[in-house]
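Down below is the structure, laid out as structure tokens.
Protein chains: 2
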Amino acid sequence: MTLAQSGKQGPKGQRSRETILRAAASLATVDGLEGISIGNLAAQIGMSKSGLYAHFGSKEELQLATIETAEEIFNADVIEPTETIGDPLERLQALCAAFLSHVERRVFPGGCFFASVSAEFDTQPGPVRDRVTATQQQWAARVEQLIREAQAAEVLDPDEDPALLAFELDSYLLLGNTNFVLYDDTAYLHQARQAIARLLERARIDKPG
Amino acid sequence: MTLAQSGKQGPKGQRSRETILRAAASLATVDGLEGISIGNLAAQIGMSKSGLYAHFGSKEELQLATIETAEEIFNADVIEPTETIGDPLERLQALCAAFLSHVERRVFPGGCFFASVSAEFDTQPGPVRDRVTATQQQWAARVEQLIREAQAAEVLDPDEDPALLAFELDSYLLLGNTNFVLYDDTAYLHQARQAIARLLERARIDKPG
DNA sequence: GACATAAAAGCACGATCGTTCGTGCGGTGA
DNA sequence: TCACCGCACGAACGATCGTGCTTTTATGTC
Numbered sequence: 072m073t074l075a076q077s078g079k080q081g082p083k084g085q086r087s088r089e090t091i092l093r094a095a096a097s098l099a100t101v102d103g104l105e106g107i108s109i110g111n112l113a114a115q116i117g118m119s120k121s122g123l124y125a126h127f128g129s130k131e132e133l134q135l136a137t138i139e140t141a142e143e144i145f146n147a148d149v150i151e152p153t154e155t156i157g158d159p160l161e162r163l164q165a166l167c168a169a170f171l172s173h174v175e176r177r178v179f180p181g182g183c184f185f186a187s188v189s190a191e192f193d194t195q196p197g198p199v200r201d202r203v204t205a206t207q208q209q210w211a212a213r214v215e216q217l218i219r220e221a222q223a224a225e226v227l228d229p230d231e232d233p234a235l236l237a238f239e240l241d242s243y244l245l246l247g248n249t250n251f252v253l254y255d256d257t258a259y260l261h262q263a264r265q266a267i268a269r270l271l272e273r274a275r276i277d278k279p280g
Numbered sequence: 072m073t074l075a076q077s078g079k080q081g082p083k084g085q086r087s088r089e090t091i092l093r094a095a096a097s098l099a100t101v102d103g104l105e106g107i108s109i110g111n112l113a114a115q116i117g118m119s120k121s122g123l124y125a126h127f128g129s130k131e132e133l134q135l136a137t138i139e140t141a142e143e144i145f146n147a148d149v150i151e152p153t154e155t156i157g158d159p160l161e162r163l164q165a166l167c168a169a170f171l172s173h174v175e176r177r178v179f180p181g182g183c184f185f186a187s188v189s190a191e192f193d194t195q196p197g198p199v200r201d202r203v204t205a206t207q208q209q210w211a212a213r214v215e216q217l218i219r220e221a222q223a224a225e226v227l228d229p230d231e232d233p234a235l236l237a238f239e240l241d242s243y244l245l246l247g248n249t250n251f252v253l254y255d256d257t258a259y260l261h262q263a264r265q266a267i268a269r270l271l272e273r274a275r276i277d278k279p280g
């Protein structure tokens with residue numbers, strides 16, 4: 072019986088598991104989630120192939136656990152810091168800024184984990200794809216919801232289509248990430264910031280006076 | 072001596088090579104350019120592994136030839152039809168429309184070939200990456216150039232930053248492609264079209280009268 | 001210090017990877 | 001008719017893949 076199947080696990084095992092998954096999440100943004108090999112990952116962190124493998128029942132379980140870890144890292148780094156902001160428009164701006172900062176600081180060496188993995192699994196049905204698309208939709212829904220709140224608070228034009236505005240914002244974030252990684256040039260992150268700023272400016276309600 | 076190394080090739084060989092490369096280009100947008108295996112590709116088109124391999128000296132040569140073929144397909148389907156249009160703004164609009172149509176018609180089953188492959192090789196140095204980035208830059212430069220021409224023709228606001236405008240347009244195209252493939256929903260292509268239309272409308276010079 | 005158990009390693013398996021080699025078929029020109 | 005050559009084939013290679021089984025090493029409790 073593998074360690075993964077038996078529910079038992081001590082503190083040592085949890086630490087190892089965490090080490091494995093953090094390395095896997097980083098490697099996945101460079102070599103892809105499928106491109107990672109058990110042996111390669113094991114060598115990376117100085118473990119034996121079988122010792123690493125014992126923590127998971129299969130490669131797919133490792134991939135799913137890796138996604139979960141990446142999501143925790145992403146949430147802690149990008150989403151949670153913005154949740155104390157009351158004003159919805161400010162929170163939206165902070166969210167976009169945090170994302171681009173997250174990419175720029177190379178929290179994951181290959182840029183946004185979910186952009187990377189969803190491009191890899193977009194045409195590969197299965198639990199991995201489902202898990203990734205769920206996270207993506209959650210992100211898009213969050214952006215759109217903040218736009219609706221900003222409209223309700225009368226700081227964004229209520230005639231704007233929230234879904235379209237969210238699409239446009241996400242577009243800038245995605246291409247900013249993609250081009251930054253591809254060309255290793257922060258100029259594209261700055262373009263994303265400019266595009267976001269003027270899009271939101273155009274959607275803002277003109278305050279009288 | 073392999074067929075690839077000897078320059079000699081008859082009409083039969085060229086036809087086979089073309090068959091291989093077209094299948095490879097399609098498969099690459101689904102399984103990735105690295106995910107393609109020689110055996111898998113050979114089985115797909117009913118050839119032996121070694122028979123296929125003889126057309127190329129290595130897998131990397133196959134990848135590079137695949138990119139070249141994909142570029143030809145893309146140019147013929149997206150770029151060339153728009154080159155007869157004189158007005159730069161109209162040509163820009165036609166180019167964007169042609170791209171989204173190209174994606175929607177699934178000329179490649181996994182959407183835009185270069186979006187797919189550049190996401191895969193963005194962190195993998197080598198000739199393949201270089202070839203892909205070159206094509207990407209060529210596309211971006213084309214879009215930006217059309218914007219400049221439209222500004223010179225006084226149909227787009229000369230105060231607009233051409234690079235930024237090109238970035239925004241490319242953003243919509245990329246996310247439109249990505250989400251269409253990921254969710255198999257044309258709604259995202261429509262959002263891209265809306266975003267493009269209103270961005271260009273905002274950048275247009277208001278005609279007096 | 002002995003014992004139970006978690007955690008990692010050792011080793012080996014079948015499959016598949018890219019790659020190479022020798023061979024054979026079919027058409028073309030001497 | 002015969003030699004030649006483009007083209008594709010089958011077989012096999014070393015390497016690496018994911019995956020198991022067995023054994024050894026740590027860890028922690030009495």
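From first to last, the protein sequence lines are chains P and Y. Offset between the first sequence (1-based) and the numbering used here: plus 71. Offset between the second sequence (1-based) and the numbering used here: plus 71. Think of the CB as a built atom: it goes at the ideal place given N, C-alpha and C, for glycine as much as any other residue.
>> On the DSSP bridge list, what partners appear for Y/Leu-227?
In response: For the purposes of this step, residue 227 of chain Y is taken as residue 156 along the second sequence, with counting starting at 1. Partner(s): Y/Arg-275.
> Hey, P/Cys-183 and P/Ile-267: beta-carbon distance below 7 Å or not?
Replying inline: Within the first sequence, numbered from 1, the residue matching residue 183 of chain P stands at position 112. Within the first sequence, numbered from 1, the residue matching residue 267 of chain P stands at position 196. Judged by beta-carbon spacing, P/Ile-267 lies beyond the 7 Å limit of P/Cys-183, meaning their Cβ atoms are not closer than that value.
> So what's P/Phe-184 in DSSP terms, helix, strand or just coil?
Replying inline: What you label residue 184 of chain P is simply residue 113 of the first sequence in a count that begins at 1. P/Phe-184 carries a helical assignment under DSSP once its states are collapsed to helix, strand and coil.
>> Is the beta carbon of P/Val-188 closer than 7 Å to that of P/Ile-104?
In response: To locate residue 104 of chain P, count along the first sequence from 1; it is residue 33. To locate residue 188 of chain P, count along the first sequence from 1; it is residue 117. Reading the sequence as shown, one finds Leu at residue 104 of chain P and not Ile. Contact: yes.
>> For the segment 100-132 of chain Y, list every residue whose C-beta sits within 9 Å of some C-beta in chain P, in sequence order.
In response: If the cut-off is 9 Å between Cβ atoms, the segment 100-132 of chain Y has Thr-100, Val-101, Asp-102, Gly-103, Glu-105, Gly-106 near chain P.
>> Using C-beta distances below 7 Å, list every residue in its chain close to P/Ala-95, excluding the 5 sequence neighbours before and after it, in chain order.
In response: Along the first sequence, read from residue 1 onward, the residue named residue 95 of chain P stands at position 24. Excluding positions up to five away in sequence, the list reads Ile-107, Leu-112, Leu-133, Thr-137.
> Any beta-carbon of chain Y closer than 7 Å to the one on P/Leu-245?
Replying inline: Here residue 245 of chain P refers to the residue found at position 174 of the first sequence. It does; some Cβ of chain Y falls within 7 Å.
>> Taking CB distances under 7 Å as the criterion, tell me whether P/Ala-268 reaches chain Y.
In response: Counting from 1 along the first sequence, the entry for residue 268 of chain P is found at position 197. Interface with chain Y (7 Å Cβ-Cβ cutoff): P/Ala-268 is excluded.
> So what does DSSP say about P/Gly-117, is it helix, strand or coil?
Replying inline: Translated into the one-based positions of the first sequence, residue 117 of chain P becomes position 46. Residue state, collapsed to three classes: coil.
> In chain Y, which residues lie with their C-beta within 7 Å of the C-beta of P/Phe-145?
Replying inline: What you label residue 145 of chain P is simply residue 74 of the first sequence in a count that begins at 1. Per Cβ cutoff of 7 Å: no residues; P/Phe-145 is ~18 Å from chain Y at best.
> Where do the ends of the alpha helix (DSSP H) carrying Y/Ala-234 lie?
Replying inline: Counted from its first residue, the second sequence places residue 234 of chain Y at position 163. 233-254 is the extent of the alpha helix (DSSP H) around Y/Ala-234.
> Where do the N-terminal and C-terminal ends of the alpha helix (DSSP H) with Y/Arg-177 fall, by residue?
Replying inline: Looking up residue 177 of chain Y in the second sequence gives position 106. Premise fails: Y/Arg-177 is in no alpha helix (DSSP H) and is neither H nor E.
>> Under 8 Å, with one C-beta from each stretch per pair, do the segment 243-257 of chain P and the segment 189-201 of chain Y reach the 3-pair mark?
In response: Judged by Cβ distances under 8 Å, the segment 243-257 of chain P makes contact with the segment 189-201 of chain Y, as three or more pairs qualify.
> In chain order, what residues of the same chain have a beta carbon less than 8 Å from the beta carbon of P/Ala-234, not counting five sequence neighbours either side?
Replying inline: In the first sequence, the residue the question calls residue 234 of chain P occupies position 163. Beyond the five residues adjoining it in sequence on each side, P/Ala-234 comes within less than 8 Å, by CB distance, of Glu-215 in the same chain, given in chain order.
> Just the Cα atoms here: how many angstroms apart are P/Glu-231 and Y/Leu-217?
Replying inline: Reading the first sequence from its first residue, position 160 is the one you call residue 231 of chain P. Reading the second sequence from its first residue, position 146 is the one you call residue 217 of chain Y. Cα to Cα, P/Glu-231 sits roughly 28 Å from Y/Leu-217.
>> What would DSSP say about P/Pro-159, mapped onto helix, strand or coil?
In response: Stepping through the first sequence from its first residue, residue 159 of chain P is reached at position 88. It is helical.
> Residues in its own chain within less than 7 Å of P/Ser-242 by CB, not counting five upstream and five downstream?
Replying inline: Taking the first sequence and counting its residues from 1, the one referred to as residue 242 of chain P is at position 171. Excluding sequence neighbours, P/Ser-242 sits near nothing in its chain.
> If we ignore side chains and look at the alpha-carbon of each, how far apart do Y/Met-72 and Y/Thr-140 end up?
Replying inline: Your numbering for residue 72 of chain Y matches position 1 in the second sequence. Your numbering for residue 140 of chain Y matches position 69 in the second sequence. With a pLDDT of 45 at Y/Met-72, under the threshold of 50, the predicted position of this residue should be treated as unreliable, and no value is reported.
>> To the nearest angstrom, how far is the alpha carbon of P/Asp-228 from that of P/Arg-275?
In response: What you label residue 228 of chain P is simply residue 157 of the first sequence in a count that begins at 1. What you label residue 275 of chain P is simply residue 204 of the first sequence in a count that begins at 1. The alpha-carbon atoms of P/Asp-228 and P/Arg-275 are separated by roughly 6 Å.
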